[in-house]
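Visitor: All letters in the sequence shown, in the order written, are residues -21 to -1, 1 to 586 by mature numbering (1 follows the signal peptide of the UniProt record, and there is no 0). Note that the Cβ used here is the ideal one computed from N, Cα and C, for glycine as well. Treat the numbers as computed from the prediction; the structure is a model and nothing was measured.
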Amino acid sequence: MNFKTLFKGVTFTLLVKLALANDCDDIKSYLEGKSQNYEKNISKCEVNNKGEVITLAIQSDTLEEGDLDKILSYNTIKNLDYNYGIFDDGEGDSHFSTYPHFSKRVQKLTNLEELTLSYTGLREYDRGEIGDDTLRYISSPLKKLTLKGLSTYQMHIAQIGELRTLEELHIIDASEKQDYSYLSGLINLKVFEVTAFHHNPFIEFPYVLNYENLEKLIITGHEITSIPKDVGELKHLKYIDLHNNHISEIPEFLNNLPKLEYIDLTLNKDIKGKTLTNENLKTCKYEASDNLCKAKEMNCFDKNLNIKACDSSSTPPSELPISTNGKCAKGVAKCPEGECCSKYGYCGTSEKHCSLDKGCQSELGKCSSSTSTELPISTNGKCAKGVAKCPEGECCSKYGYCGTSEKHCSLDKGCQSELGKCSSSTSTELPISTNGKCVKGVAKCPEGECCSKYGYCGTSEKHCSLDKGCQSELGKCSSSTSTELPISTNGKCAKGVAKCPEGECCSKYGYCGTSEKHCSLDKGCQSELGKCSSPTSTTTIKKSTKKSSTKKTSTKKTSTLPISTSGKCGKGVGKCPPGQCCSKYGWCGTSSSYCSTGCQKEFGECK
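#1: Compare the Cα-Cα distances from N54 to each of S118, T77 and F81 and report the closest residue.
#2: Using 10 angstroms around the beta-carbon of D46, count the other beta-carbons present and answer buried if the total reaches 16, otherwise exposed.
#3: Which partner residues of Y433 appear in the DSSP bridge assignment?
#4: Between L114 and the rest of its own chain, which residues show a CB-CB distance below 7 Å, the 5 nearest in sequence each way excluded?
#5: Less than 8 Å between C-beta atoms, sequence neighbours within five positions excluded: which residues of the same chain meet that for T383?
#6: Could you check where the alpha helix (DSSP H) with A137 kicks off and where it finishes?
#7: Flag this pair as yes or no: are the beta carbons of L145 and L121 separated by less than 7 Å?
#8: So, for L(-7): in the same chain, excluding its five sequence neighbours on each side, which residues have a beta-carbon less than 8 Å away from its beta-carbon?
#9: Is the Cβ-Cβ distance between E25 and D2 less than 7 Å?
#10: Please report how far the alpha carbon of R143 lies from the alpha carbon of C417, in whole angstroms.
#11: Look at the Cβ atom of G211, then the Cβ atom of F232, and state whether they are nearer than 7 Å.
#12: Between I197 and D220, what straight-line distance do the alpha-carbon atoms span, to the nearest angstrom?
#13: Here's the rule I'm using: 16 or more other beta-carbon atoms within 10 Å means buried, otherwise exposed. How should N224 be labelled?
#14: Assuming contact is defined by CB atoms lying nearer than 7 Å, are K392 and K386 in contact in what I supplied?
#15: Give me the Cα-Cα distance between I56 and E93, rounded to the nearest whole angstrom.
#16: Is the beta carbon of G568 less than 7 Å from the beta carbon of C548?
#17: To the nearest angstrom, report how far apart L216 and L126 are at their CA atoms.
#18: Kindly list the residues whose CB is nearer than 6 Å to the CB of N263, restricted to its own chain and excluding five residues on each side of it in sequence; keep chain order.
#19: Which residues in the same chain as L129 place their Cβ atom closer than 6 Å to its Cβ, once the five residues preceding and following it in sequence are excluded?
#20: Hey, how far is the Cα of K554 from the Cα of G327?
#21: Tell me, which residues are paired with E172 by DSSP?
#22: Can you find the residues in the same chain that come closer than 6 Å, C-beta to C-beta, to N58, ignoring five residues on each side of it along the sequence?
#23: Where DSSP assigns a beta bridge to A367, which residues make up the other side?
#24: Whole-angstrom Cβ separation of N192 and L168, contact assumed at under 8 Å?
#25: Quick test of your reading: S227 and T204, contact by CB under 8 Å. State the CB separation rounded to the nearest angstrom.
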C-alpha cells in the first residue's frame, strides 16, 4: 500500500511539472543544453495562459543561426524585440554578435503584431544593416514596426509601404535621406516617428499628407526649417513633437487641429510667431524668444515660461500672413518662404525681386546683396535665384527646394536649371523593374508593359488605361480601347496597347500564340486582340489492330500554370514571363540572384 501511495505521489509531481512547463522554459532548457547563457541572450520572455510564448526579446549575443531558427520557430509570438551588435563581455571588453544578422525566420511568424529590429553599435557612426528581403516577406498583420540604429534605404521604405496593416512606425536614428511618399498607402497609420542620426539630418519635412488617421507625429533632431500646410489637414493629430529642429516660424494653421493636446517646439532657435490657442492643449512647450509672443494665456504653459504677450495694436513682419496672390506689402502680407519681395511689391525669385540693389524688401521676404552667378551652395535644402543653388547632383524644383525626385528634376514640372541639374524625363533613366513593381524614382516597367495606378507592371486594361490611373512615365499607357491598335512586336497583347499579328491569338494572360491555351475561348482567348476558336478535344487513344504489338498513345497533359503579372511566381501563383527566372523566394527577374542558386526551374528559366 505504501508503494502504491509513493508511486501516485511521484506521478502527480511529474504531471504538475509537465503542466507548468511552457515555451519559455523550453527555450531556456535548449540554450542551457548547449551551454548558452539564457539571460545574456533572452532579456524577456512571456507566455499566455496556455504556456505559449507571445512576447520575446532577443539580445543575439552568443546565439548562432541554428539557435535563432529554434527560438523563432514558435508561431505564437506576437511581440518580438530582436537586437544584435556589440555586447559587453563583463570583463571590461566588448565583442560582436556571433550571428550578426536578422534571421529570416522573422518572416514566418504569421501572428506577429509588433516587431522591433535594432542594432547596438560600438561608435556613433557605426550602423547596422537590414537584409534586402527581411521586410519584404513579412506575412503577419503587423501593427507596429520599430527600427533602431539601422541603415534604411529606399527599397526598405518601399517595402514598409506594403505593410498595409501598420498602425505605428518608429525609425530611430534615421540617417539616410529617403522619399517617404512611398508610405502613402499606410492609411491605418496612427503614429509616425523619425528621429535623427546627427551626421545626416533631414532638411525637408517627410511626406505625411495621406496619413489621415495620424494621431502622433514625432520628427526630432533634424534641420527642418518649416512645417508644411499638409500637417494642418491631419485632423486626428493629438501629439506633435518637433523639438530640436531649425523651424523658423509657428504657422497659424496648427490652430485648426481640433484634437491637439501636446506640442513641443523647444530647441528651435529664434522661432517666430504666436503661441497656439487650441482649446484641448494640455502640454505646450516653447522657449523664450524675442520673436515669439503669447496669443493668450493658456493652462498648458510652463510656469517658468517667460514670453511676452502679443501686441494687438501692431503686426510685426514675422506675424504677417503669407501672400496667396503673389503680392507683398508692409502691414498686409509677406512672401512665401524662399521668395523675395520686389521694390514694387511682387513675390518672386528673380534678380529683380531678390537684389537689394534693385529695391528688394528684406522685411517681407528673402533678399541678396549680390547678383553674381557664383551663388553659395544651399545648406537648408532651399534654392532661389540670387540666393543659393543646390548641392552638386541635386535639382532645384519649381517651388525652390533641392532634391532628386521627378518633381525636383523634370523640366516639364518647372525644374530651375540655373540652380541645379535638370532633365527632360526621368523615366528613361530608371532601372527596369525585376519584381513586377514600378515606382517613381525607383524602377520602370519592362518594354511593352504598363505601370498601374497602384505601382504594378502588366498589360491588362487596369494597368494600361490612362482613365484608370496608368503612369505613363513608368511604362506604356493608352487612352482608348479602340480596335485600331498597333501590331504587337514583343509577343504581348493588351486592350488599348497592342493586338497580335494576323493568324495569332491573344491569351487570357496577354501573350500572342497559336496553341490551344492562346486560342481557346474557354481558356480566355481575347477575340478583340486576335483570332480565337472554339475548344477542340486534345486527348486521343489509338490501339493497333496488329497482334504483334499494341500501341497506346495520348497527348500529354501539359502544365496550365498562368503567366504571372504581379512579379511573383510559385505554386498557386504562376510562372514567370518568357525570359525571366523564378528566384528561391518566389519573385521573377533576370539577374543572377534570380537565375542561379535556388532558382525554381518549374516556374521560369534558370542558368
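Guide: Straight from the coordinates:
#1: S118
#2: buried
#3: Note: Y433 sits in no beta bridge, so no partner.
#4: H135, Q138 and I139
#5: G372, E373, C374 and G420
#6: Q133 to I139
#7: yes
#8: Model confidence at L(-7) stands at a pLDDT of 45, short of 50, so the residue's coordinates are unreliable and nothing is read from them.
#9: no
#10: Take the alpha-carbon of R143 and the one of C417: they are about 18 Å apart.
#11: The Cβ-Cβ distance between G211 and F232 falls below 7 Å.
#12: 5 Å
#13: buried
#14: yes
#15: 9 Å
#16: Result no, Cβ atoms of G568 and C548 do not sit closer than 7 Å.
#17: 23 Å
#18: A small fix is needed here, since residue 263 is Cys in this sequence, not Asn. Closer than 6 Å at the Cβ level, and outside the excluded window around C263, lie I242 and C279.
#19: For L129, same chain residues with a beta-carbon under 6 Å away, outside a window of 5 residues either side, are Y98, G107 and I109 in chain order.
#20: Each residue's Cα considered, the two are about 55 Å apart.
#21: H149 and I197
#22: T34 and E93
#23: A363
#24: 7 Å
#25: 6 Å
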